[in-house]
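Have a look at the structure below, then the notes.
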Amino acid sequence: MALGEGTDTAIAPPLALLAELTHRCPLRCPYCSNPLALEGASHELATADWQRILREAAALGVLQVHFSGGEPLARRDIVALVAHAAAASLYTNLITSGVLLDQAKMAALAAAGLDHVQLSVQDTDPANADRIAGLDDAHEKKLAAAALVRAAGLPLTLNAVMHRQNLHHLPDVIELALRLGAQRLEVAHVQYYGWALANRRALFPTYEALARATEIVAAARERWKGVLAIDYVVPDYYARRPKACMGGWARQFINVSPAGTALPCHAAETLPGFAWPSLLTTSLDDAWYRSEAFNRYRGTGWMPEPCRSCERREIDWGGCRCQAFAFTGDAARTDPACALAPDRPVLDAARQDALAPAADFVYRQIGAAPARAGVTSDR
Ligand code: SF4
Ligand code: SF4
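Numbering of the sequence shown is given in the numbering used here, commencing with residue 1 and proceeding in unit increments.
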């Protein structure tokens, strides 16, 4: 792997750029990982800015660009941006809800050099899927989108965010991935940040339901080895050790918000006390190698005990800074998802609270007051 120059020689370039082109989205998922304070269209970067950032990413050594949002297909320039990234030899992945994809757009994206599509599904039961998405006929459109992707000859990953409202359909989700011709299925239990935190009591699964799901995934992995790869992420609230959030702060990924703010992860803008680099005035290279914000929690030097002397400190990098802040008010604490963390009791209390009777969804939306709708529980 190439290394930076001069005083930056210990820092490798990012592997991937997550380009959050827009926060606009026709769906209103109550677990959306976008921030509660969503950017309106008027704050979005112009096409030329994104194209410059893509060129800077390639020059920096980035290998992959993930076009995300919100819904990246809501941007009228998505085909031009994919073409620009492909011309810069970046591997291009479109992370989409699929509801805005039609045959003409699919053909244009494929011709522009799109390499891969990651399509989200909310459930296998159409009525429940549409209720979770907050949009009528969303599920039907997603099935059509999957067929377009496969007909275009592109590899497809299905992303299924799982929670109390759909976990009982996990076997059907695996069947759906096979039927749609996906090569990969991400079974991603909700993590409780942003909108998901606001909906924690409506989404959090019981331990028994989680254990069943884990067994189902293990059996499916064995059965479909070589046909369907299955990624599996459990909720932090049931973990004994934290996940290596983003592979470690500013180690592998650089995230760019719709307004052009460079971040080490999509949630980091919620952390106070940072001067996040704006890519309207700062180069990607400077943001990655030289900004105080990217260097603050890089590596292990910032770690408190018990991380500082822990043998896992270069495996999980102390967990998630945003979660540490959300639970303790201090982003430099050990992530309470670790059972060794002094603040673990705070997470244990949150887990008990999350298991309280189901509440209504707070649907994701830009600007106006949150809308609510009835939800059911399978517990
Ligand atoms: S999680 Fe749902 S609401 Fe959020 S961007 Fe994705 S499809 Fe849109
Ligand atoms: S103490 Fe820190 S480094 Fe060790 S497992 Fe827990 S979070 Fe990871």
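Virtual Cβ for every residue (Gly too), placed ideally from N, Cα, C.
Exercise. What is the chain-ordered set of residues for which the beta carbon lies under 7 Å from any non-hydrogen atom of ligand 1?
Worked result: C25, L27, R28, C29, Y31, C32, S33, N34, G69, G70, E71, S97, S120, A133 and R364
Exercise. For P171 versus I216, is the C-beta distance shorter than 9 Å?
Worked result: Within the sequence shown, the letter at position 171 stands for residue 171. Within the sequence shown, the letter at position 216 stands for residue 216. Cβ atoms of P171 and I216: closer than 9 Å.
Exercise. How would you call V227, buried or exposed, if buried means at least 16 neighbouring beta carbons within 10 angstroms?
Worked result: Along the sequence shown, one-based indexing puts residue 227 at 227. Its Cβ having fewer than 16 others within 10 Å, V227 is exposed.
Problem set entry | beta strand (DSSP E) runs contained entirely in the segment 237-293, provided each spans 3 or more residues | 253-256
For this session: Take V117 as the anchor and find which of E208, L73, A275 and D130 has the nearest alpha-carbon.
Result: Position 117 of the sequence shown, counted from the first residue, corresponds to residue 117. Looking at the Cα atoms, L73 is the closest of the given residues.
Exercise. Are the Cβ atoms of L15 and L63 separated by less than 9 Å?
Worked result: The count along the sequence shown starts at 1 and reaches residue 15 at position 15. The count along the sequence shown starts at 1 and reaches residue 63 at position 63. Yes. Within cutoff.
For this session: Excluding the 5 residues preceding and the 5 following A287 in the sequence, name in chain order all residues of the same chain whose CB lies nearer than 6 Å to its CB.
Result: Indexing the sequence shown from 1 puts residue 287 at position 287. For A287, where only same-chain residues beyond five positions count, the Cβ hits under 6 Å are A262 and P277.
Exercise. Listed in chain order, which residues are found with a beta carbon closer than 6 Å to a heavy atom of ligand 2?
Worked result: R241, P242, P306, C307, C310, R312, R313, D316, G318, G319, T334, D335, C338 and L340
Exercise. Tell me, which residues are paired with F67 by DSSP?
Worked result: As a first step, residue 67 is located in the sequence shown; it is residue number 67 there, counting from the start. DSSP, once it has assigned bridges, lists A19 and L94 as partnering F67.
Exercise. Are T157 and A188 close, meaning C-beta to C-beta below 9 Å?
Worked result: Looking up residue 157 in the sequence shown gives position 157. Looking up residue 188 in the sequence shown gives position 188. Not in contact: T157 and A188 (Cβ atoms no closer than 9 Å).
Problem set entry | Distance between V256 and P13 (C-alpha atoms, nearest Å) | In the sequence shown, residue 13 corresponds to position 13, counting from 1. In the sequence shown, residue 256 corresponds to position 256, counting from 1. So the alpha carbons of these two residues sit roughly 15 Å apart.
Exercise. Is the CB-CB distance between G260 and L45 below 9 Å?
Worked result: Position 260 of the sequence shown holds residue 260. Position 45 of the sequence shown holds residue 45. Closer than 9 Å, so yes.
For this session: Inspect the beta-carbon positions of P235 and P205 and report whether they are closer than 9 Å.
Result: Within the sequence shown, the letter at position 235 stands for residue 235. Within the sequence shown, the letter at position 205 stands for residue 205. Cβ atoms of P235 and P205: closer than 9 Å.
Exercise. If A85 sits next to V65, beta carbons under 8 Å apart, how far is it from one beta carbon to the other, in whole angstroms?
Worked result: In the sequence shown, the residue the question calls residue 85 occupies position 85. In the sequence shown, the residue the question calls residue 65 occupies position 65. That belief holds up - the Cβ atoms of A85 and V65 are roughly 5 Å apart, short of 8 Å.
Problem set entry | Three-state class that DSSP yields for I230 in the structure shown | Translated into the one-based positions of the sequence shown, residue 230 becomes position 230. The answer is strand: DSSP assigns I230 an E or B state.
For this session: Could you tell me if T92 is buried or exposed, where buried requires 16 or more neighbouring beta carbons within 10 angstroms of its beta carbon?
Result: For this step, residue 92 is matched to residue 92 along the sequence shown. Counting Cβ neighbours within 10 Å, T92 comes out buried, since at least 16 surround it.
For this session: Determine the contact status of T214 and Y232, defining contact as a CB-CB distance below 9 Å.
Result: Here residue 214 refers to the residue found at position 214 when the sequence shown is read from its first residue. Here residue 232 refers to the residue found at position 232 when the sequence shown is read from its first residue. Contact flag set, yes.
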